[in-house]
Amino acid sequence: MKRLTLLLNELIRYAEDAKILDPYDREYATNTLLYLFGLDSFTVEAVETPVDFFATMDGLLAHALKKGLIALDVEPLRDNFEAKLMDAFLPRPAELNRQFTAFLNWQENAGLATEWFYQLSKATNYIKTARIAKNINYVYDGKYGKLDITINLSKPEKDPKLIALAQQQSAEGYPKCALCMENVGFYGTLEKAPRANHRVISITLNGEVDGWGFQYSPYAYFNEHCIVLKKEHIPMKVDRTTFLELVDFVDQFPHYLIGSNAGLPIVGGSILTHYHFQGGNYVFPIEAARTIATFKGKGVKAELLDWPLSVVKITGKNPDKVIDAVDRLFEAWKKYDNPDLDIRAESEGEPHNTVTPILRKTDAYGDYVFYVVLRNNRATAERPYGLFHPRDDYFHIKKENIGLIEVMGLAVLPGRLKAELDLIRTCLFDGVDPATLPELEKHLPWIRTLALPDRDPSHADAYLQAEVGRVFECVLEDCGVFKAEMADAFKAFAESVFPR
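When we follow the working numbering, the leftmost residue of the sequence shown carries the number 1, and every step to the right adds one.
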């Protein structure tokens, strides 16, 4: 193991090379690191460059464990101490906000300003680039076009019932949730993620001065995966104000797509307790969906898309007219009731109909393009997870709520699938009975439908990936309120909102 002083020199040199340590702050950062390690002296040493950040950090954490500064050698506690080390190089939140604003005003380019903040977030390892790189990513070419598939090797999947329970519980504890502003600078615990190296850019949306925060996701699922959060801890919702806020965001950050999860359990995302949006610098599969019907409104064009979920695409140049059209669609959908199609607007006063709104502002024409996904969260005794939630036949692949990211055509699948697919591949190749493997019990009905095209191992991998993609396609179809055979009803609903 390298000497602690040498490792500290390496980390300081890394920070200088990564442009996260100003020369004027070198002594301050050094003394902060010394305090964290309980040292009272330091010698500057030459180090080999470029510095391998992850090797250096592993060495520093090993010393911290040896000194008892980290109680247990477990990832959450290692992460807590690492984040505090990297905080030594970061400006205080107010100073970072001033730097961002100055950069934005100087460049007059929001894309360059967010790129600066994005690179900073990666350099401090707030964005977990090494862990993200372990994810398995591929494209499935299905009947609706391409779908992006990610097997997420970073985080466990969440049970939708637990997500709904969390929404009902009082907002106690500190921080109240993973998105609260209280997280900025929070050291972390075994259960709560470290945020010592976390910074949030303060922004104004819809006239609410400094009422919102802009940050990046530590476990990004796509390029520049950002989170825009209300500073006040209030539950998720969707209403006309939401559409105004989304439009204001793309006016300020036109290089980013932005969207909101629905505010109801089952059809919402994994965090229902804190009002927020998600976006990024990424083109999602839904944006390439084919049009199956077109309607004209006042200053807007409305299109029904050939997509597994029921989507109305609304395009226009005038933001007020676009917002009016989206809100008109939303209000009509909230009241839409069609028992013949199992679509009920409410039960005993509890609303079921809502939307997942997504917005992009196009470069070429300056159009506002809303993708409004119709959702319904009604559950029955036979379908306790929801009539328009994936049926339990597909839980072996995806059990979590189908939220904003999945709706746009990006599957975020649980990391357990990697090992399970390897076992399935072995069973298919070697004739092993999958029923003898407890890990594959959940997959047994699906495995019995599989048949390898040939004995080529590379073909087997591609085949299994395609079959997983096919299941995800079915998962999305289950969430569609107007099924393919209900196209006429979908068109009739759209025409009631946008008369021809």
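Glycine residues also receive a C-beta, built at the ideal position from the N, C-alpha and C atoms. Since the structure is predicted, the reported quantities are computational estimates derived from the model, not experimental observations.
First through last residue of the beta strand (DSSP E) which encompasses residue i
{"i": "L264", "result": "Per DSSP, L264 belongs to no beta strand (DSSP E) and is neither H nor E."}
{"i": "W212", "result": "E208 to Y216"}
{"i": "Y138", "result": "I136 to G142"}
{"i": "A293", "result": "T291 to K296"}
Contacts around residue i, its chain only, beta-carbon distance under 7 Å, and the 5 residues preceding and following it disregarded
{"i": "G366", "result": "K317"}
{"i": "F100", "result": "A113, F117 and I201"}
{"i": "H276", "result": "L179, I227, V228, L229 and K230"}
{"i": "L162", "result": "With a pLDDT of only 49 at L162, under 50, the local geometry of the prediction cannot be trusted, and the value read off the model is given with reservation. For L162, where only same-chain residues beyond five positions count, there are no Cβ hits under 7 Å."}
{"i": "L39", "result": "none"}
{"i": "L423", "result": "L437, E439 and L440"}
{"i": "P308", "result": "Y144, E473, L476, E477 and G480"}
{"i": "A262", "result": "V238, G268, T354, V355, T356 and R375"}
{"i": "T129", "result": "K122"}
{"i": "V322", "result": "V300, I314, G316, Y368 and F370"}
{"i": "Y336", "result": "I343, A345, N353 and F493"}
{"i": "K2", "result": "G59"}
Residue i in three-state terms, based on DSSP
{"i": "E400", "result": "coil"}
{"i": "A345", "result": "coil"}
{"i": "C427", "result": "helix"}
{"i": "K506", "result": "As displayed, the chain neither begins before 1 nor continues past 500, which places residue 506 out of reach and without an answer."}
{"i": "K335", "result": "helix"}
{"i": "P75", "result": "The question names Pro, yet the displayed sequence has Glu at residue 75. E75: helix per DSSP, three-state reduction."}
{"i": "G316", "result": "strand"}
{"i": "F370", "result": "strand"}
{"i": "A178", "result": "coil"}
{"i": "A302", "result": "strand"}
{"i": "S170", "result": "For S170, the predicted structure reports a pLDDT of 49, less than 50, and the residue's modelled location is therefore unreliable. A value from the coordinates is still provided. If DSSP states are grouped into helix, strand and coil, S170 belongs with coil."}
{"i": "R500", "result": "coil"}
{"i": "V184", "result": "coil"}
{"i": "P384", "result": "coil"}
{"i": "V228", "result": "strand"}
{"i": "A411", "result": "strand"}
{"i": "V326", "result": "helix"}
Extent of the continuous alpha helix (DSSP H) run through residue i
{"i": "H255", "result": "Where H255 is concerned, there is no enclosing alpha helix (DSSP H), given that its DSSP letter is neither H nor E."}
{"i": "S41", "result": "S41 -> no alpha helix (DSSP H), and no H or E assigned at all."}
{"i": "Y35", "result": "R26 to L36"}
{"i": "T114", "result": "A110 to A123"}
{"i": "P457", "result": "P457 to C479"}
{"i": "G59", "result": "F53 to K66"}
Nonlocal neighbours in the same chain, by C-beta distance under 8 Å from residue i, ignoring five residues either side
{"i": "S217", "result": "I127, H225, C226, I227 and Q278"}
{"i": "S154", "result": "K128, R131, I132, K134, N135, Y219 and G415"}
{"i": "G142", "result": "G469, R470 and E473"}
Below-8 Å beta-carbon distance, residue i vs any chain C residue
{"i": "E115", "result": "Checking the listed chains, one finds no chain C in this structure; it contains a single protein chain."}
Residues of its chain near residue i, where Cβ-Cβ distance is below 6 Å and the 5 sequence neighbours each way are ignored
{"i": "K442", "result": "H396"}
{"i": "L421", "result": "L464"}
{"i": "E332", "result": "The displayed chain sequence assigns Ala, not Glu, to residue 332. V497."}
Through-space distance from residue j to residue i, alpha-carbon basis
{"i": "R360", "j": "G431", "result": "49 Å"}
{"i": "Y138", "j": "S121", "result": "25 Å"}
{"i": "R131", "j": "D58", "result": "14 Å"}
{"i": "L34", "j": "A15", "result": "16 Å"}
{"i": "K19", "j": "Y371", "result": "39 Å"}
{"i": "A325", "j": "K298", "result": "8 Å"}
{"i": "V267", "j": "V407", "result": "10 Å"}
{"i": "M181", "j": "D17", "result": "30 Å"}
{"i": "N281", "j": "L257", "result": "7 Å"}
{"i": "V250", "j": "N31", "result": "42 Å"}
{"i": "K495", "j": "H389", "result": "Reading off the sequence, residue 495 comes out as Glu, not Lys. Whole-angstrom Cα-Cα distance: 26 Å."}
{"i": "Q169", "j": "V184", "result": "Because Q169 sits at a pLDDT of 49, beneath the cut-off of 50, its placement in the model cannot be relied upon, and the point is left open."}
{"i": "T5", "j": "D25", "result": "19 Å"}
{"i": "G259", "j": "L404", "result": "7 Å"}
{"i": "G207", "j": "N109", "result": "21 Å"}
{"i": "L417", "j": "R391", "result": "18 Å"}
{"i": "T291", "j": "S310", "result": "12 Å"}
Contact between the stretch 82 to 93 and the stretch 182 to 190: three or more CB pairs below 8 Å?
yes
Taking 8 Å as the cut-off, does the stretch 407 to 427 touch the stretch 138 to 153 (at least 3 CB pairs, one atom from each stretch)?
yes
How do the stretch 458 to 471 and the stretch 483 to 491 stand: do at least 3 beta-carbon pairs fall below 8 Å, yes or no?
no
Could you tell me whether the stretch 340 to 355 touches the stretch 375 to 388, where touching means 3 or more Cβ pairs closer than 8 Å?
yes
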